[in-house]
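Q:
2 protein chains.
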Amino acid sequence: MPEEIAAGTLSTKLNHLFGVVRPADGDEYTFDEVAESIRTQGGPTISATYLWQLRKGLRDNPTKRHLEALAGFFGVPPAYFFDDAEAERIDAELTLLSAFRDAPVRQIALRARGLSAKSLEAISDMVDRVRELEGLPEPASDAER
Amino acid sequence: MPEEIAAGTLSTKLNHLFGVVRPADGDEYTFDEVAESIRTQGGPTISATYLWQLRKGLRDNPTKRHLEALAGFFGVPPAYFFDDAEAERIDAELTLLSAFRDAPVRQIALRARGLSAKSLEAISDMVDRVRELEGLPEPASDAER
DNA sequence: CTCGCCCATTCACATCAGTTGGTGAACTCG
DNA sequence: CGAGTTCACCAACTGATGTGAATGGGCGAG
Numbered sequence: 015m016p017e018e019i020a021a022g023t024l025s026t027k028l029n030h031l032f033g034v035v036r037p038a039d040g041d042e043y044t045f046d047e048v049a050e051s052i053r054t055q056g057g058p059t060i061s062a063t064y065l066w067q068l069r070k071g072l073r074d075n076p077t078k079r080h081l082e083a084l085a086g087f088f089g090v091p092p093a094y095f096f097d098d099a100e101a102e103r104i105d106a107e108l109t110l111l112s113a114f115r116d117a118p119v120r121q122i123a124l125r126a127r128g129l130s131a132k133s134l135e136a137i138s139d140m141v142d143r144v145r146e147l148e149g150l151p152e153p154a155s156d157a158e159r
Numbered sequence: 015m016p017e018e019i020a021a022g023t024l025s026t027k028l029n030h031l032f033g034v035v036r037p038a039d040g041d042e043y044t045f046d047e048v049a050e051s052i053r054t055q056g057g058p059t060i061s062a063t064y065l066w067q068l069r070k071g072l073r074d075n076p077t078k079r080h081l082e083a084l085a086g087f088f089g090v091p092p093a094y095f096f097d098d099a100e101a102e103r104i105d106a107e108l109t110l111l112s113a114f115r116d117a118p119v120r121q122i123a124l125r126a127r128g129l130s131a132k133s134l135e136a137i138s139d140m141v142d143r144v145r146e147l148e149g150l151p152e153p154a155s156d157a158e159r
């Protein structure tokens, strides 16, 4: 009866998605980028302004087609926006998933599976070293929340 | 075996639901009955006419709240109204990736994110080489489906 | 500092989701 | 037979959803 309000608003979920699934180079997607990407990938038109409104919570209640488009872009099933339990389950894996949105990164991960602990450690060190060389910041730890 | 029914359009799915979930005495629910029931159970207002339009396919693309209400009434998850194939594909991807959850592979993937294409390629090659050294088979390409 | 660019935010407006109010066909019960 | 109900169906309208065009702050380059 007393609806659990704070937990599962649409804007909260969208906000989380923006924070977690990012382009290959660090920063969050821009509203324009998302709108553009959805449009070019055969989705319906969606304006950057509207995305902003949804994220800010000024508008909830989008249509089926827009929900489909958003889910498609962020790589989550549409159920993510409805079912809180489902959303939580997916959230647990999202930080990992986001890394895999990048094709090259995904390939590395898939192929690293099954290697010995020692080899993995060596590779991990190498990645860190390269990261340092390229002047990248500390990666977003998955310990947010 | 998962029942293969009610694929495709929203109207098809709704139609199926009307046919399957019925009141105690045989006949299908009336549009008024459904509208009334949804309203009394705390749902949003929804007109009988609109239900008819949706079922007939004159209107697809309802809003989030109306989808929730319909799903609630017929006792199905809201995901029921969305495209099945796509949802299943994404779900499969998510569960596949969850296999990596506790592996050090995760750390590598997370930290490899954002590296230059050249560096990623170098790392990928290295992983392949190590893989070879440890006598592991070619991994399944992720380009299946 | 100033120009130019990118981006979030704002606001006035158009479009389409959803409603209100109606028509007639079919089906009772006097 | 009518008079009264109930239902699918239709059409004109209302307002929330969704858009486009301006505003203004931040930031790098010249």
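Chains as they are written, first to last, in this note's numbering: chain A, 15 to 159; chain B, 15 to 159.
Every residue, glycine too, gets a C-beta built ideally from N, C-alpha and C.
Interface residues of chain A around residue 105 of chain B at Cβ under 8 Å?
A: Neighbours of residue 105 of chain B on chain A, chain order: 91.
Q: Taking the alpha-carbon of residue 36 of chain B as reference, which of B:63, B:67, B:89, B:26 has the nearest alpha-carbon?
A: It is B:89 whose Cα lies nearest to the Cα of residue 36 of chain B.
Q: So, are the CB atoms of residue 83 of chain A and residue 92 of chain A less than 7 Å apart?
A: No, the pair does not count as a contact, with Cβ atoms beyond the cut-off.
Q: Looking at C-beta atoms only, is the number of pairs between the region 134-145 of chain B and the region 121-141 of chain A that lie closer than 8 Å three or more?
A: Touching, yes.
Q: Measuring only between beta-carbons, confirm whether residue 84 of chain B sits less than 7 Å from chain A.
A: Judged by the 7 Å Cβ criterion, residue 84 of chain B is not in contact with chain A.
Q: Kindly indicate the opening and closing residues of the alpha helix (DSSP H) around residue 64 of chain B.
A: Run containing residue 64 of chain B: 62-70, per the alpha helix (DSSP H) assignment.
Q: Run through DSSP, which three-state label would residue 109 of chain B get?
A: Three-state DSSP puts residue 109 of chain B in a helix.
Q: Count the CB pairs spanning the region 55-73 of chain A and the region 52-70 of chain B that are closer than 8 Å, and state whether there are at least three.
A: Taking 8 Å as the limit for Cβ pairs, the verdict is that the region 52-70 of chain B does not touch the region 55-73 of chain A.
Q: Could you say which of B:87, B:74, B:121 lies nearest to residue 57 of chain B if we only look at CA atoms?
A: Of B:87, B:74, B:121, the residue nearest in Cα terms is B:87.
Q: Less than 7 Å separating the beta-carbons of residue 118 of chain A and residue 134 of chain B?
A: In contact: residue 118 of chain A and residue 134 of chain B (Cβ atoms closer than 7 Å).
Q: Using three-state DSSP, classify residue 54 of chain A as helix, strand or coil.
A: Of the three classes helix, strand and coil, the one that applies to residue 54 of chain A here is helix, per DSSP.
Q: Of the residues B:55, B:74, B:106, which one's Cα is nearest the Cα of residue 29 of chain B?
A: Per the Cα distances, B:74.
Q: Of all the CB atoms in chain A, is at least one closer than 7 Å to the CB of residue 75 of chain B?
A: True, the Cβ-Cβ gap to chain A drops below 7 Å.
Q: Kindly indicate which three-state DSSP category residue 17 of chain A falls into: helix, strand or coil?
A: Only weak support exists for where residue 17 of chain A lies, its pLDDT of 40 falling under 50; the coordinates are left without a value.
Q: Kindly indicate if chain A contains any beta-carbon less than 7 Å away from that of residue 45 of chain B.
A: No, residue 45 of chain B lies away from the interface with chain A (no Cβ there is under 7 Å from its Cβ).
Q: What does the alpha-carbon distance come out to for the pair residue 25 of chain B and residue 96 of chain B?
A: Approximately 12 Å between the Cα atoms of the pair.
Q: Tell me where the alpha helix (DSSP H) around residue 42 of chain B begins and ends.
A: Neither: residue 42 of chain B is in no alpha helix (DSSP H) and is coded neither H nor E.
Q: Helix, strand or coil: how does DSSP classify residue 77 of chain A here?
A: DSSP places residue 77 of chain A in strand when its eight states are reduced to three.
Q: Assign residue 5 of chain A to one of three DSSP states: helix, strand, or coil.
A: The structure shown has nothing for residue 5 of chain A, since chain A only spans 15 to 159.
Q: Report the neighbours of residue 142 of chain B on chain A: residues whose CB is nearer than 8 Å to its CB, in chain order.
A: Correct list: 125.
Q: Can a CB atom of chain B be found closer than 7 Å to the CB of residue 118 of chain A?
A: Output row for residue 118 of chain A: interface = yes.
Q: According to DSSP, is residue 36 of chain A part of a helix, a strand, or is it coil?
A: DSSP places residue 36 of chain A in coil when its eight states are reduced to three.
Q: Report buried or exposed for residue 107 of chain A, applying the criterion of at least 16 other Cβ atoms within 10 angstroms of its Cβ.
A: By the neighbour-count rule (16 or more Cβ atoms within 10 Å), residue 107 of chain A is buried.
Q: Between residue 47 of chain B and residue 33 of chain B, what straight-line distance do the alpha-carbon atoms span, to the nearest angstrom?
A: The straight-line gap from Cα to Cα measures roughly 14 Å.
Q: Whole angstroms are fine: how far does the CA of residue 31 of chain A sit from the CA of residue 138 of chain B?
A: Using only the alpha carbons, I get a separation of about 28 Å.
Q: Anyone know if the C-beta pair for residue 22 of chain A and residue 98 of chain A falls short of 7 Å?
A: In contact: residue 22 of chain A and residue 98 of chain A (Cβ atoms closer than 7 Å).
Q: Can you tell me whether DSSP reads residue 138 of chain A as helix, strand or coil?
A: In the structure shown, residue 138 of chain A sits in a helix (DSSP, three-state: H, G or I).
Q: So that I know if they touch, is there some Cβ in chain B lying closer than 7 Å to that of residue 87 of chain A?
A: For residue 87 of chain A, the answer is no, since every Cβ of chain B falls outside 7 Å of its Cβ.
Q: For residue 28 of chain A, does the three-state DSSP call read helix, strand or coil?
A: Residue 28 of chain A: helix per DSSP, three-state reduction.
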